[in-house]
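So in our numbering, spot 199 of the sequence shown is number 367, and the numbers just go up one at a time.
Note that beta-carbon positions come from the ideal geometry of N, C-alpha and C, so glycine has one too.
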Amino acid sequence: MASNHRNPSKSLPRLTFLVLALGACTTTRNRPAVELERVAWLHGAATCAGNADPAIQVIRYNDRTWILRQNKCLNYEAPFLFLLVGEQKALLLDTGATPDSSTFPLYRTVRHLLQGWEAAHGRKLELVVAHTHNHGDHRAADEQFRGRPNVHLVGLEAPDVQHFFGLEAWPVQSAIFELGRRPLEIIPIPGHQAASIAVYDAATRLLFTGDTVYPGRLYVQDWPAFRASIQRLVTFAAHHKVAYVVGNHIEMSRTPGVDYPTGTTFQPDEHPLPLHVADLQRLNRHLHALGDQPTRQVDDAFIIDPK
């Protein structure tokens with residue numbers, strides 16, 4: 169989803185992050201520390217001038233996985249970002265909707281999380297910064313990472329993504345990207361945007377789908393490519409264990425079929441972030457029924473919105 173950047177309120181605190189310790193801790197590193205469907209995400213404020221929430225909310229999903237959300241009062245898109253850690257590398261998926269490090273200290277936040285892991289494990293990690301797709305609300309803070317030591321910033325165009333991840337038969341073939349005893353499967357899913365990818369993490373059984381599948385308005389740039397990509401995801405999910413389908417925004421309310429309008433900075437009754445394989449299958453059925461004609465379709469959990 170494309171974004172119109174807006175200047176944050178001057179009163180927004182420059183707090184780096186908030187780690188919510190929800191649920192019981194576990195010694196099993198892949199076991200969730202939170203129930204993802206029950207996480208209380210910061211959802212903005214009716215009056216952003218008085219908002220005291222941090223610029224970045226950080227949730228520790230498990231010992232090697234963090235989910236970050238940008239404050240809606242900083243940018244109404246409030247994108248989610250994902251930090252996955254292996255034995256040799258870490259992957260940050262997306263950099264959010266605000267470039268300014270003084271109001272949106274993403275590099276500092278990520279560096280803090282990685283330093284904690286490195287101190288506990290006695291070794292340094294290479295950080296790879298990649299993107300679910302090439303839209304402004306997912307790459308705005310790239311410059312915070314450019315030129316930093318031990319950081320590799322993946323290019324934004326489809327050929328850049330293909331080359332880095334070794335996707336030789338784009339878009340029909342996936343590839344494995346190894347973090348070190350944590351393989352990720354990179355799945356091309358153009359349609360929302362030409363360089364869109366999904367990432368499957370077998371360790372958590374999370375399927376990250378960017379702006380292609382999430383509880384909100386699924387903007388479709390290329391209808392045939394989008395239909396093929398959703399079918400590809402459904403086929404993939406049929407052969408892999410998927411706990412949740414995790415996108416990059418929440419735009420739907422808990423009322424079935426009702427979304428918050430574009431530009432909303434206060435969403436007190438949000439739909440949960442994760443979707444299920446059943447939602448993905450239902451999306452695929454909608455697309456098959458609609459056929460070759462791009463058509464808007466409202467579902468309980470998402471809205472197909474061709475552009």
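- The DSSP-derived three-state label of Ser397 is helix.
- When rounded, the separation of the alpha-carbon atoms in Val426 and Thr266 is 27 Å.
- Here Arg276 is exposed. Its C-beta has fewer than 16 other C-beta atoms within 10 Å.
- Looking only at Arg385, Leu249, Pro358, Leu443, the smallest Cα-Cα distance to Val329 is reached by Pro358.
- If the five residues before and after Thr380 are omitted, its C-beta is found closer than 6 Å to the C-beta atoms of Ile357, His360, Ser364, all from its own chain and listed in chain order.
- Look at Val402 here: in three-state DSSP terms it is helix.
- Scanning Ala288, Leu260, Tyr387, His331 for the CA closest to the CA of Pro462 turns up Tyr387.
- For Phe332, the enclosing alpha helix (DSSP H) starts and ends at 326-333.
- Taking 8 Å as the cut-off, the Cβ atoms of Ala214 and Phe394 do not count as close.
- In terms of CA proximity to Trp234, Leu274 leads the group Leu274, Val410, Gly218.
- Given a length threshold of 3 residues, each whole run of the beta strand (DSSP E) inside the stretch 312-385 is given here in chain order: 319-321, 343-346, 351-356, 365-369, 374-378.
- When the alpha-carbon of Val202 is set against those of Ala217, Val226, Gly218, Ala220, the nearest one is in Val226.
- The secondary-structure analysis by DSSP pairs Lys257 across a beta bridge with Glu294.
- Among the bridge pairs identified by DSSP, Asn230 is matched with Thr233.
- Counting the other Cβ atoms within 10 Å of the Cβ of His211 gives 16 or more, which makes it buried.
- In terms of Cβ geometry, Val297 and Thr263 form a close pair [threshold 8 Å].
- At the C-beta level, Tyr412 and Leu443 come within 8 Å of one another.
- A distance below 8 Å separates the beta carbons of Tyr382 and His417.
- Contact between Leu251 and Leu242 does not hold, since the beta-carbon distance rounds to 19 Å and is not under 8 Å.
- In this structure, Tyr244 sits away from Gly378, with a CB-CB distance that is not shorter than 8 Å.
- Between Leu375 and Val414, the CB-CB gap stays under 8 Å.
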